Amino acid sequence: MTAQMLIGFVLLLLMAMPVGYSLVISGWAALSVFGPMPSSMAVMKIFQPTQSFPLLAIPFFILSGGLMMSGKLGQKLVSLASMLVGKYHGGLGQVTVVGSTVFGGVSGSSVAEASALGSMLIPWQKREGYPGAFGAAVTSASSVIAGLMPPSIPLILFATVSNTSIASLFIAAVIPALMLAGGMMLACNIIGRRRGFPRLTLKYTGAEIRNTLFTALPALLMPVFIVVLLRAGIATPTEVSVIAVAYALVVSSVIYRDLTAERVMSALVNTVITTGIVMLIIAAANIIAYILTSGGVPQAVAQWAVEYLKHPILIILAINLLMLFIGMFLDLPAAILLLGPTLVSIANAIGLDLVQLGIIMCVNLSIGLFTPPIGTTLFVSSAIARERIGAVVKELGPFYLVAIVVLLLVSYVPALIIY
């Protein structure tokens with residue numbers, strides 16, 4: 196049954212069928228035709244995982260991000276980042292990284308961030324004399340920081356797969372996210388210095404910087420606000436997501452005063468579409484996980500890894516190589532839900548903390564978002580910059596290096612994550 200499902204899944208992907216539909220069709224067909232389960236029970240298996248209280252956090256966090264990002268907030272954050280780092284070598288690239296880090300604490304979605312931030316910053320960089328391919332490369336690479344900064348949608352999905360605390364994952368992800376940001380800013384600085392990219396020459400007074408910081412403060416406080424509520428046990432992740440929506444509404448209507456009915460409707464529509472896509476993959480992944488578990492695949496893979504690779508260092512290396520490869524072809528949510536049960540079994544077998552595994556998976560699969568041939572943020576940024584994919588990939592070399600170094604650190608230095 197497992198073999199038939201995998202063959203069907205691969206064939207549907209080769210026919211350009213969307214991942215969610217491919218999972219549903221191949222899984223349902225395998226259970227109904229080759230398995231012992233009637234089709235009605237297979238349908239119930241598909242809908243069962245969507246009835247989960249923690250998953251309510253996903254649409255509310257998406258909605259709060261949509262409300263915050265669609266108004267004056269983006270302009271305030273870009274202005275603040277420009278004041279702080281625009282004067283340095285590769286400054287506009289660093290502005291993108293800083294913006295991505297802060298936007299990540301608002302949206303929780305790498306693709307949304309690449310689209311929103313790229314549409315503002317890539318044309319600006321090109322006007323200032325930066326190569327379009329470089330602007331697209333910085334945007335596509337730095338936008339994946341949103342997959343780690345709270346509220347991270349991928350981490351919520353991993354928590355549902357592994358029964359791990361969402362709060363623990365959010366707290367553990369902050370340092371890796373900042374490491375990615377720092378490494379990418381350093382890369383922008385070195386590239387800008389070597390290639391003579393123009394720097395911003397505008398000078399700002401202390402009062403201007405303070406005023407801009409004050410107006411951007413509500414967005415800067417969003418991830419802090421989320422982590423504090425979770426760390427202190429004041430609210431559950433789902434309750435925090437609802438509070439985040441109320442916070443976004445108050446900030447947009449009272450502080451920025453740019454909340455309109457059109458913005459609210461646009462954010463609601465985007466939330467429904469994005470949540471529908473995620474829920475389809477969650478539903479489909481449950482039936483796949485059931486088939487794999489029934490066939491004993493996670494346990495068999497864990498036993499093989501322990502028996503033949505033996506040392507945890509080699510097993511973690513093999514996990515990383517597998518995820519780097521899978522991430523090149525599957526979207527991040529689908530990859531987490533499909534690989535999660537098997538990798539959890541391996542982690543339990545070698546004593547790897549599940550919080551560390553979650554961070555390893557998110558960093559690993561986030562690299563796939565700006566890696567061809569299916570890199571989502573890579574395609575979004577290239578389209579905005581109107582540059583060929585090949586030209587953008589050539590500019591991504593230093594950013595791949597930064598991401599791999601961070602991946603190795605979170606894989607083999609657990610003190611950076613578990614504290």
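The working numbering puts the first residue of the sequence shown at 196, with every later residue one more than the last. For each residue, glycine too, the CB sits at the ideal point set by N, CA and C. These numbers were taken from a predicted model, which means no experiment stands behind them.
#### Entry: Straight-line Cα distance separating Q320 from L395
As a first step, residue 395 must be located in the sequence shown, where it is residue number 200. As a first step, residue 320 must be located in the sequence shown, where it is residue number 125. Answer to the nearest angstrom: the Cα atoms are 11 Å apart.
### Where P418 sits in the DSSP three-state scheme
Looking up residue 418 in the sequence shown gives position 223. It is helical.
#### Entry: Length at least 4, wholly inside the region 326-385: the alpha helix (DSSP H) runs in chain order
Within the region 326-385, the complete alpha helix (DSSP H) runs of at least 4 residues are 327-337, 348-357.
#### Entry: P213 (DSSP reduced to helix, strand or coil)
Working through the sequence shown from its first residue, we reach residue 213 at position 18. Note: P213 maps to coil in three-state DSSP.
### Task
Let me know if S447 comes out buried or exposed under the rule of 16 or more other beta-carbons within 10 Å of its beta-carbon.
Here the question's residue 447 lines up with position 252 in the sequence shown. Flag for S447 reads buried.
### Message
At the level of alpha carbons, what is the spacing between L454 and S461?
### Response
The residue you call residue 454 lines up with position 259 of the sequence shown. The residue you call residue 461 lines up with position 266 of the sequence shown. One alpha carbon belongs to L454, the other to S461, and they sit about 11 Å apart.
### Query
The alpha helix (DSSP H) spanning P593 covers which residue range?
Here residue 593 refers to the residue found at position 398 of the sequence shown. It spans 592-607 - the alpha helix (DSSP H) in which P593 sits, taken as one unbroken run.
### Query
Less than 8 Å separating the beta-carbons of I351 and G330?
Position 156 of the sequence shown, counted from the first residue, corresponds to residue 351. Position 135 of the sequence shown, counted from the first residue, corresponds to residue 330. Taking 8 Å as the Cβ cut-off, I351 and G330 do not qualify as a contacting pair.
### Query
Thinking just about the alpha-carbon of each residue, which of H506, I370, A362, A276 is nearest to the one in I429?
Mapped onto the sequence shown, residue 429 falls at position 234. Ranked by Cα distance from I429, the options H506, I370, A362, A276 are led by A362.
### Query
What is the DSSP secondary structure of R394, reduced to helix, strand or coil?
As a first step, residue 394 must be located in the sequence shown, where it is residue number 199. Reduced to three states, the DSSP call for R394 is coil.
### Query
Candidates G546, I385, F353: which alpha carbon is nearest V597's?
Within the sequence shown, numbered from 1, the residue matching residue 597 stands at position 402. Among G546, I385, F353, the Cα nearest to that of V597 belongs to I385.
### Query
I545 to E457, Cα distance in whole Å?
Taking the first residue of the sequence shown as position 1, residue 545 is located at position 350. Taking the first residue of the sequence shown as position 1, residue 457 is located at position 262. Distance between the alpha carbons of I545 and E457 is about 52 Å.
### Query
Taking just the CA atoms, how far does A402 sit from T410?
Counting from one through the sequence shown, the residue named residue 410 turns up at place 215. Counting from one through the sequence shown, the residue named residue 402 turns up at place 207. So the alpha carbons of these two residues sit roughly 12 Å apart.
### Query
Can the beta-carbon of V550 be found closer than 8 Å to that of T359?
Reading the sequence shown from its first residue, position 355 is the one you call residue 550. Reading the sequence shown from its first residue, position 164 is the one you call residue 359. Yes, the Cβ-Cβ distance between V550 and T359 is below 8 Å.
### Message
Between P507 and L547, how many whole angstroms is the CB-CB distance? I'm expecting something under 8 Å.
### Response
In the sequence shown, residue 507 corresponds to position 312, counting from 1. In the sequence shown, residue 547 corresponds to position 352, counting from 1. With 8 Å as the limit, P507 and L547 qualify as a contact, their Cβ atoms being about 7 Å apart.
### Query
Any idea what DSSP makes of M200, helix, strand or coil?
Taking the sequence shown and counting its residues from 1, the one referred to as residue 200 is at position 5. Here M200 sits in helix by DSSP.
### Query
Applying the criterion that 16 or more other CB atoms from any shown protein chain within 10 Å of the CB defines a buried residue, is L206 buried or exposed?
Within the sequence shown, residue 206 is the residue found at index 11, counting from 1. By the neighbour-count rule (16 or more Cβ atoms within 10 Å), L206 is not buried but exposed.
#### Entry: Run of the alpha helix (DSSP H) containing I579, from where it starts to where it stops
As a first step, residue 579 is located in the sequence shown; it is residue number 384 there, counting from the start. Element bounds for I579: 571-580.
### Task
For my contact list, V600 and P567 are in at a C-beta cut-off of 8 Å; report their separation, rounded to the angstrom.
In the sequence shown, the residue the question calls residue 600 occupies position 405. In the sequence shown, the residue the question calls residue 567 occupies position 372. The pair is not a contact, with the Cβ atoms about 21 Å apart (cut-off 8 Å).
### Task
Label V333 either buried or exposed according to how many other C-beta atoms from any shown protein chain fall within 10 Å of its C-beta, with 16 as the threshold for buried.
Indexing the sequence shown from 1 puts residue 333 at position 138. So V333 ends up on the buried side.
### Message
If you follow the alpha helix (DSSP H) that S259 is in, where does it begin and where does it stop?
### Response
Taking the sequence shown and counting its residues from 1, one reaches residue 259 at position 64. Counting along the chain, the alpha helix (DSSP H) containing S259 begins and ends at 252-264.
### Query
Do you know how far the Cα of I613 is from the Cα of S274?
In the sequence shown, the residue the question calls residue 274 occupies position 79. In the sequence shown, the residue the question calls residue 613 occupies position 418. Those two C-alpha atoms are separated by around 34 Å.
### Query
Thinking C-alpha only, which one of M518, V419, G261 is nearest L602?
Sequence index remark: in the sequence shown, residue 602 carries index 407 (1-based). Of the candidates M518, V419, G261, the one whose C-alpha sits nearest the C-alpha of L602 is M518.
### Query
With G288 and G387 assumed to form a contact (beta carbons below 8 Å), what rounded beta-carbon distance in angstroms separates them?
Counted from its first residue, the sequence shown places residue 288 at position 93. Counted from its first residue, the sequence shown places residue 387 at position 192. The Cβ separation is near 6 Å, so the contact holds.
### Query
Taking the continuous alpha helix (DSSP H) assigned at K321, which residues delimit it?
Counted from its first residue, the sequence shown places residue 321 at position 126. 305-322 is the span of the alpha helix (DSSP H), which, as asked, contains K321.
### Query
With DSSP run on the structure shown, which of helix, strand or coil describes Y503?
Residue numbering aside, residue 503 sits at position 308 when the sequence shown is read from its first letter. Helix at Y503.
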